[in-house]
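Q: First, the structure itself, so that you have it in front of you.
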Amino acid sequence: TLAEEAETAFAYGYDIIKAMDETGEKMKTEKDEQKLLALANDYHALQTRLENSGWNSKKGLIDETLRGLGFSSADFNKNTEEFSGGWQMRIALAKVLLQNADIIVLDEPTNYLDIEARSWLELWLKKFKGGFLLVSHDRYFLDQTVTETYELFKGTLKKYKGTYSDYERIRTIEVEGLIKAYEQQQEEIAKTEDFIRKFRYTESRAALVQDRIRRLEKMERIELPEHLKKIRFSFPPAPHSGKIVLQAEGISKAYSQTGGLHRVIENLDLTVEKGERLVLAGKNGAGKSTLLRILAGEDKNFTGSLKEGAGVKMGYFSQDESETITGSESIIDLLERSAPTDLVPKLYDMLAAFLFRGDDIYKSLSVLSGGEKSRLALLLLLLKPLNLLILDEPTNHLDLHSKDVL
702 TLAEEAETAF AYGYDIIKAM DETGEKMKTE KDEQKLLALA NDYHALQTRL
752 ENSGWNSKKG LIDETLRGLG FSSADFNKNT EEFSGGWQMR IALAKVLLQN
802 ADIIVLDEPT NYLDIEARSW LELWLKKFKG GFLLVSHDRY FLDQTVTETY
852 ELFKGTLKKY KGTYSDYERI RTIEVEGLIK AYEQQQEEIA KTEDFIRKFR
902 YTESRAALVQ DRIRRLEKME RIELPEHLKK IRFSFPPAPH SGKIVLQAEG
952 ISKAYSQTGG LHRVIENLDL TVEKGERLVL AGKNGAGKST LLRILAGEDK
1002 NFTGSLKEGA GVKMGYFSQD ESETITGSES IIDLLERSAP TDLVPKLYDM
1052 LAAFLFRGDD IYKSLSVLSG GEKSRLALLL LLLKPLNLLI LDEPTNHLDL
1102 HSKDVL
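Throughout, my numbering is defined as the position within the sequence shown, counted from one, plus 701.
So this is what it looks like as structure tokens:
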């Protein structure tokens, strides 16, 4: 069950108790006073370690941590296999937080958390007495939790004091200088190469040409990483539609579960007008994705009515979208086949914005990870001329730069 799985985080406690039992047995038979004293000291050290570890209050810690991450008391006795992938990630996170570690390493811990669980984790990390190292693409979360930022850049690690926003401010100034130096060097290289081409076969300039060639060979090139290169593109303009885009009346949806029906949506009325930008908020399991699937026409099993406005061209993105991306063709081949003709010249910039850079674009669809497929599905959607987007967690697999582009 969920509760039993969470308790495995306290395996260290059972190890300490086992060591205490073994030490106690040795003490019973030991006759040498010095050795007996040493064993007694060992036993006391183990006992102190167990008391300081939170072992004695593990039930309360499990309850607090699981509830903080969004589980209800009814979930505690469910088998872990009954939970979806997102909830499985929360179980794994709960176990890490319960392990009484000195240092925690967290890779994208907020990816599958709703706002409430994210806020709880934020407060937990602020109170945590140990150290933690985390990777996250959530600016606000980083600003609330970290005191130093380390940047991996061109194979080296550099430390910046302060919050993530402090790092961004300092880095922006540094990057502006780097881009300026890069552009100046590119201009100098272009002029030098132009001179060499122009006078390569002019005998009177042979020495000068050789000098320029040597200068180019010795030049320490400034490399601008892909994510710093300016990305400019626009998506297809939205086709014209009527003022009313989507109208839902009396929408209700229920699932069968043990003990009867679970109603997730009841008598919902909603009108979406042209130009509106709406966010759907609510705890995990509240029915957000279910409602979006109904509005997108993916789920027909509901009561009530749903009507699209005149001229509406809808695009829907969900985390399951990645499952539709299969086959042996390459990413670039798929995009060239799917994109409107006028967007083909901009595809490389668009791919770079969604983290497909360099040789990545020639990868076969069959070898892509779930995250890569998810990003590609989002990009494919945005290539189409649409006037209504329904997006379910579109930023889950994007880095900060790609989020800004989106």
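Glycine residues also receive a C-beta, built at the ideal position from the N, C-alpha and C atoms.
Looking at C-alpha atoms only, which residue of 801, 811, 809, 818 is the closest neighbour of residue 832?
A: Among 801, 811, 809, 818, the Cα nearest to that of residue 832 belongs to 801.
Q: Using a 10 Å radius around the Cβ and a threshold of 16 neighbouring Cβ atoms, would you call residue 852 buried or exposed?
A: Classification of residue 852: exposed, given that the 10 Å Cβ count is below 16.
Q: Alpha carbon to alpha carbon, how far is residue 824 from residue 799? Give it in angstroms, no decimals.
A: Rounded to whole angstroms, residue 799 to residue 824 spans 15 Å at the Cα level.
Q: Indicate whether the contact test is met: 3 or more Cβ pairs, each with one atom in the stretch 1043–1058 and one in the stretch 1016–1030, closer than 8 Å.
A: They do not touch, by the three-pair rule.
Q: With three or more C-beta pairs closer than 8 Å as the rule, is the stretch 810–817 touching the stretch 826–846?
A: Touching, per the Cβ criterion.
Q: So residue 731 packs on residue 740, CB below 8 Å; how close in whole Å?
A: Indeed, because the Cβ distance is near 6 Å, the residues count as touching under 8 Å.
Q: Can you give me the C-alpha to C-alpha distance between residue 787 and residue 707, rounded to a whole angstrom?
A: Roughly 16 Å separates the two Cα atoms.
Q: Return the first residue and the last residue of the alpha helix (DSSP H) that residue 1106 is part of.
A: Its alpha helix (DSSP H) spans residues 1101–1106.
Q: So the alpha helix (DSSP H) residue 1075 belongs to, where does it begin and stop?
A: Here the alpha helix (DSSP H) through residue 1075 covers 1071–1083.
Q: Would you decide whether residue 1073 is buried or exposed? Buried here means 16 or more other CB atoms lie within 10 Å of its CB.
A: It is buried - the Cβ of residue 1073 has at least 16 other Cβ atoms within 10 Å.
Q: Pairs of beta-carbons, one from the stretch 946–953 and one from the stretch 1003–1014, closer than 8 Å: are there three or more?
A: Short answer: they touch.
Q: Using the rule of at least 16 other Cβ atoms within 10 Å of the residue's Cβ for burial, across every protein chain shown, is residue 943 buried or exposed?
A: That one is exposed.
Q: Just to confirm the assignment, what range does the beta strand (DSSP E) spanning residue 958 have?
A: It spans 945–958 - the beta strand (DSSP E) in which residue 958 sits, taken as one unbroken run.
Q: Quick check: what's the CA-CA separation for residue 770 versus residue 826?
A: So the alpha carbons of these two residues sit roughly 13 Å apart.
Q: Cutting at 6 Å between CB atoms, please list the residues of its own chain near residue 1087, excluding the five before and the five after it.
A: Excluding residues within five positions, the ones whose Cβ falls inside 6 Å are 1014, 1016.
Q: With a threshold of 7 Å on Cβ separation, who are the neighbours of residue 1023 within its own chain once the five nearest residues in sequence on each side are excluded?
A: Within the same chain, residue 1023 has close Cβ partners 1071, 1074, 1075, 1078.
Q: Can you have a look at residue 1063 and say buried or exposed, based on whether 16 or more other CB atoms are within 10 angstroms of its CB?
A: Exposed, because fewer than 16 other Cβ atoms sit within 10 Å of the Cβ of residue 1063.
Q: So what does residue 804 bridge to, in DSSP terms?
A: Paired residue(s): 832.
Q: For residue 964, which of helix, strand or coil comes out of DSSP?
A: If DSSP states are grouped into helix, strand and coil, residue 964 belongs with the strands.
Q: Considering only residues of the same chain and omitting the five flanking positions on each side of residue 1018, which have a CB-CB separation below 8 Å?
A: Cβ neighbours of residue 1018 beyond the five flanking positions: 1078, 1079, 1082, 1090, 1091, 1092, 1093, 1095.
Q: Would DSSP call residue 719 helix, strand or coil?
A: Note: residue 719 maps to helix in three-state DSSP.
Q: Counting pairs of Cβ atoms below 8 Å between the stretch 898–915 and the stretch 970–981, do you hit three or more?
A: Not touching, per the Cβ criterion.
Q: DSSP on residue 910, reduced to helix/strand/coil?
A: In this structure, residue 910 counts as helix in the three-state DSSP scheme.
Q: Keeping to the same chain, check which residues put their C-beta closer than 6 Å to that of residue 759; ignore five residues upstream and five downstream.
A: Contacts found: 711.
Q: Would you tell me roughly how many angstroms separate the C-alpha atoms of residue 814 and residue 716, rounded to the nearest one?
A: Their Cα atoms are separated by approximately 32 Å.
Q: Since residue 1084 and residue 1044 should fall inside the 8 Å C-beta cutoff, what is the C-beta to C-beta distance between them, to a whole number of angstroms?
A: Their Cβ separation, rounded to whole angstroms, is 6 Å, which keeps residue 1084 and residue 1044 in contact under 8 Å.
Q: Do you know whose CA, among 866, 956, 875, lies nearest residue 1003's CA?
A: Residue 956 is the option with its Cα nearest to residue 1003.
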